[in-house]
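Chains A and B, in that order, give the protein sequences.
Take 151 as the starting number for the first sequence in our numbering and just add one per residue.
Take 3 as the starting number for the second sequence in our numbering and just add one per residue.
As structure tokens, the structure follows; a few thoughts come after it.
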Amino acid sequence: MSLWDDIKALAEEVKAPLTGLSITDSYSRQPRVTIQYPDVRRPLSRRARWRHVLNRYENGLEKCIGCSLCAGACPANAIYVKAAENTAENRVSPGERYAEQYEINMIRCIFCGYCEEACPTQAIQLKDIYELADDERKDLIYTKEMMLTPAPEEE
Amino acid sequence: MDFSQFSHIFWSVPTNEVPAADWWIDVLRAFVRILVPVFFVLLLVPPLVWFERRLLGFMQQRQGPNRVGPEGIVQTIADGVKLLMKEDIIPSNVDRTLYVLAPIIMLIPALVTAGVLPWHPSLVWGAGAPNVDIGVLYLLAWSSLAVYGVVMAGWASNNKYALLGGLRSSAQMISYELGMGIAVVTVVLISGALSVRDIVFDQSAYGWIKDAAHTTAHHAAYTWGIVHKPWLGFLNPWHVAQFFPMGFVAAFIYVVAMLAETNRSPFDLPEAETELVAGYHTEYTSMKFAMFFMGEYANMVVVSAIAATLFFGGWTTPIAQLDQWDNTAVGWIIPAAMISAKIGLGLYFFVWIRATLPRIRYDMLMSFGWKGIFPIALGNLFCVAVSLTAGYWAGLAVWIVLAVGALLIVANLDSTKRFTEKTRRRSVLGLYASAQPFQMPLVKTSNGAPPVDGRTAAEELVK
């Protein structure tokens with residue numbers, strides 16, 4: 151290298167910190183990429199698999215017919231379904247039977263979504279409700295009441 | 003005397019002489035005066051910590067603390083309360099006296115140094131100690147004491163990492179103190195005064211000129227045969243702009259040395275967390291750690307105040323003609339606001355540097371101090387001396403000769419070549435130039451594969 155090249159290389163060494171300063175300065179005026187999480191949430195993907203939801207028909211009847219296919223499909227054995235017969239006085243779901251007791255152990259659940267695939271009536275769905283932390287193991291066994299979508303108001 | 007009479011005498015500001023009506027009035031004034039810099043420095047520390055974290059956040063495209071109080075400004079108070087509530091652990095094998103003394107010695111010099119820095123030309127209320135004839139020596143003496151806190155903490159902790167941090171710090175501070183001292187001597191040479199007050203007067207072209215004519219600074223300036231004129235016709239003759247390249251070089255050297263003196267990035271090797279856990283304050287908890295923390299930030303405030311005073315005009319305004327205020331309320335607010343603004347800019351610079359430059363290696367630090375800062379400061383001082391004796395143009399000629407000579411020698415050194423080749427700055431600069439701010443990837447293709455740049459692929463094929 152010639153002397154001139156050496157001087158140019160040296161000048162670049164001197165210039166480098168200034169370039170860095172200009173970069174950090176320009177970044178300080180750019181929009182921030184982080185968000186204020188509890189106040190602002192990023193939308194999740196439509197296929198996000200988080201907490202389960204038990205759906206209803208529009209007339210308020212539960213979609214779940216207590217067939218236990220979800221429990222059979224579950225690789226973690228996290229689902230427990232106890233079915234009961236629908237009667238004329240107490241009609242909960244349109245089929246013959248309904249789930250009297252429906253529990254999912256959220257500690258065991260691996261959120262694979264096989265229950266959703268197995269369900270013949272699309273009663274169970276994994277939605278984007280992702281704040282599932284708790285400090286009591288018992289509270290992490292979600293019951294039917296916790297997962298069921300609220301019944302439409304009767305008019 | 004009744005109270006109104008007393009307060010009239012106490013607060014009155016005769017422009018240029020210390021009234022000695024009663025000696026105890028002077029003593030009382032001194033007590034009130036000395037509180038101002040102490041409280042200024044101490045009260046500035048919490049907002050400064052918040053400011054640093056917030057600005058660092060902005061420069062890294064994140065939020066920084068913004069939850070506690072408006073914009074998060076009370077965050078530091080919350081942190082401080084948390085620190086004070088913690089258990090104060092003294093490890094069993096430490097040297098107790100030094101261990102307890104170290105954080106105190108860290109904090110005190112910063113507060114004491116601020117005492118001679120003026121915020122107003124007044125001899126009565128202008129600074130903590132407005133008329134110290136050897137103010138510059140006082141500054142140098144106290145600022146060199148801060149290293150003892152670090153070394154003592156490192157030694158007393160009985161911890162090898164703390165000791166390494168303390169040793170690094172002592173070597174680093176002593177090395178950079180030379181460059182800093184010579185930069186300060188350059189200022190002393192330009193202004194011909196050791197009193198900080200006179201040094202500030204020397205940087206004001208018109209303001210308070212009728213008082214300044216009596217000060218030693220201007221006597222000295224007249225003996226040198228120079229009177230500083232406003233720069234470019236309207237800017238105050240701040241020392242950073244005096245004897246053009248030389249004052250600037252001195253200011254630059256002071257700024258670099260001040261980063262090293264306060265153990266701030268990129269010279270924060272004494273607390274390099276990647277190597278030394280937390281350096282010299284590894285073993286400290288609770289209140290003692292808080293005092294180290296406060297000492298570091300108080301040092302930042304004081305050091306940028308010194309830089310503002312010695313090189314950037316102290317309480318003077320940038321425009322020379324604006325300095326002609328009078329002894330009124332405005333005449334008290336303007337200079338205080340000017341020095342505060344300059345301190346604020348200095349602190350911004352501290353944070354900006356921290357956000358930008360990575361920590362340098364220890365041998366680089368040493369060689370930069372001894373082979374870079376020190377000889378440059380020395381040559382610069384020589385050129386200022388030549389300017390004062392043989393005139394500015396002679397000094398400038400010597401400066402240019404020295405600069406070109408040094409450039410030729412340094413550029414030809416094998417070590418320089420190895421350094422520039424090794425760092426491969428060219429390619430890194432290219433990366434910097436093409437760097438884009440991070441964005442959430444929004445890739446949408448039919449089959450889920452990332453989009454292929456057809457042109458690049460074609461070029462690959464051609465090769």
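Glycine included, each C-beta is placed from N, C-alpha and C at the ideal position.
The structure displayed is predicted, hence computed values, not measured ones.
Which chain A residues are close to residue i, counting only those with a beta carbon under 8 Å from its beta carbon?
| i | result |
| --- | --- |
| V1 of chain B | Coverage of chain B is limited to positions 3 through 465, which leaves residue 1 of chain B absent and any answer about it impossible. |
| L109 of chain B | By Cβ distance, chain A contributes nothing, its closest Cβ being about 30 Å from L109 of chain B, past 8 Å. |
| R64 of chain B | R182, V183 and T184 |
On the DSSP letters alone, give me the boundaries of the beta strand (DSSP E) that residue i sits inside.
| i | result |
| --- | --- |
| V203 of chain A | H202 to L204 |
Return the residue from the list the options that minimises the CA-CA distance to residue i.
| i | options | result |
| --- | --- | --- |
| L191 of chain B | B:H122, B:L30, B:W25 and B:A252 | B:A252 |
| G210 of chain A | A:A273, A:L282 and A:D285 | A:A273 |
| M293 of chain B | B:S417, B:P48, B:Y101 and B:I106 | B:I106 |
| C184 of chain A | B:T276, B:R64 and B:K88 | Residue identity differs from the one stated: residue 184 of chain A is Thr in this sequence, not Cys. If we check each option's Cα against that of T184 of chain A, B:R64 comes out closest. |
| K277 of chain A | A:R287, A:E286, A:A283 and A:G263 | A:G263 |
| T188 of chain B | B:A322, B:V242 and B:K162 | B:V242 |
| Y350 of chain B | B:S389, B:A307 and B:F250 | B:A307 |
| E73 of chain B | B:L86, B:G82, B:L57 and B:L85 | B:L57 |
| G181 of chain B | B:I362, B:V198, B:N95 and B:P377 | B:P377 |
| L383 of chain B | B:V304, B:F245, B:V257 and B:I341 | B:F245 |
| D204 of chain B | B:S267, B:V152, B:L103 and B:D325 | B:D325 |
| A295 of chain A | A:R179, A:Y280, A:N205 and A:E267 | Note on residue identity: the sequence assigns Glu, not Ala, to residue 295 of chain A. Comparing Cα positions, the closest option is A:N205. |
| L109 of chain B | B:A173, B:F352, B:V149 and B:F53 | B:V149 |
| W200 of chain A | A:T293, A:R182, A:C259 and A:C220 | A:C259 |
| R197 of chain A | A:W154, A:T299 and A:E267 | A:E267 |
| L278 of chain B | B:Y364, B:G381 and B:R356 | B:Y364 |
| W125 of chain B | B:L147, B:R31, B:S171 and B:L166 | First, the amino acid is wrong: residue 125 of chain B is Leu here, not Trp. When each option's Cα is compared against that of L125 of chain B, the closest is B:R31. |
| G156 of chain B | B:P239, B:L100 and B:Y282 | B:Y282 |
| I279 of chain A | A:S195, A:I157, A:E162 and A:D175 | A:S195 |
| S146 of chain B | B:W317, B:A339 and B:N301 | B:N301 |
| M154 of chain B | B:N161, B:G168 and B:L141 | B:G168 |
Quick one: using the 10 Å Cβ neighbour count with 16 as the cut-off for buried, is residue i buried or exposed?
| i | result |
| --- | --- |
| L168 of chain A | exposed |
| T311 of chain B | buried |
| L113 of chain B | buried |
| Y187 of chain A | exposed |
| M366 of chain B | exposed |
| E462 of chain B | Confidence at E462 of chain B is low in this model, with a pLDDT of 46, below 50, so its placement is unreliable and no value can be given for it. |
| G456 of chain B | Its pLDDT being 43, under 50, G456 of chain B is placed unreliably by the model, and the measurement read from it follows with that caveat. Classification for G456 of chain B: exposed. |
| N414 of chain B | exposed |
| Q251 of chain A | exposed |
| Q7 of chain B | exposed |
| V242 of chain A | buried |
| A301 of chain A | exposed |
| R266 of chain B | buried |
| L271 of chain B | buried |
| Q180 of chain A | exposed |
| T61 of chain B | Strictly speaking, residue 61 of chain B in this sequence is Met, with Thr absent from that position. M61 of chain B is buried by the Cβ-count criterion. |
| Y299 of chain B | buried |
| F5 of chain B | exposed |
| L153 of chain A | exposed |
| S172 of chain A | exposed |
In terms of residue numbering, what span does the alpha helix (DSSP H) encompassing residue i cover?
| i | result |
| --- | --- |
| R170 of chain B | K162 to S193 |
| E298 of chain B | S288 to F313 |
| S197 of chain B | Note, S197 of chain B: premise wrong, no alpha helix (DSSP H); not H, not E. |
| W233 of chain B | Note, W233 of chain B: premise wrong, no alpha helix (DSSP H); not H, not E. |
| E73 of chain B | Where E73 of chain B is concerned, there is no enclosing alpha helix (DSSP H), given that its DSSP letter is neither H nor E. |
| I173 of chain A | L153 to S178 |
| D28 of chain B | W25 to M61 |
| Q77 of chain B | Q77 to M87 |
| E295 of chain A | K294 to M297 |
| P247 of chain B | F246 to E263 |
| N414 of chain B | Y394 to N414 |
Starting from residue i, find everything on chain A with Cβ-Cβ shorter than 7 Å and list it in chain order.
| i | result |
| --- | --- |
| T264 of chain B | Correct list: empty, because the minimum Cβ distance to chain A is about 18 Å. |
| L404 of chain B | Ordered by position in chain A, no residue passes the 7 Å Cβ test against L404 of chain B, which lies about 16 Å from the chain. |
Give the residues of chain B in contact with residue i, contact being defined as C-beta atoms less than 8 Å apart.
| i | result |
| --- | --- |
| D175 of chain A | M61 and W354 |
| L171 of chain A | W354, I355 and T358 |
| P167 of chain A | T358 and L359 |
Run through chain B and tell me which residues come within less than 9 Å of residue i, C-beta to C-beta.
| i | result |
| --- | --- |
| V164 of chain A | Near V164 of chain A there are no residues of chain B at all, since even the closest Cβ is about 10 Å away, more than 9 Å. |
For residue i, which residues in chain A fall below 9 Å Cβ to Cβ?
| i | result |
| --- | --- |
| L45 of chain B | Neighbours of L45 of chain B on chain A: none; closest Cβ ~25 Å, over 9 Å. |
| L57 of chain B | S178 |
| L409 of chain B | I157 and L160 |
Closer than 9 Å, Cβ to any Cβ of chain D: which residues of the region 194-217 of chain A, in chain order? Absent from the structure is chain D; the protein chains it does hold are A and B.
Minimum length 3: unbroken beta strand (DSSP E) runs contained in the region 205-283 of chain A: If we require 3 residues or more, the beta strand (DSSP E) runs fully inside the region 205-283 of chain A come out as 229-235, 247-255 and 274-276.
Could I get the ranges of all uninterrupted alpha helix (DSSP H) runs contained in the region 320-374 of chain B, with 4 residues as the minimum, in chain order? The region 320-374 of chain B contains these whole alpha helix (DSSP H) runs: 331-358 and 364-369.
Suppose only complete runs of 4+ residues qualify. What are the alpha helix (DSSP H) ranges in the region 95-133 of chain B, listed by chain order? Whole alpha helix (DSSP H) segments, 4+ residues: 98-115.
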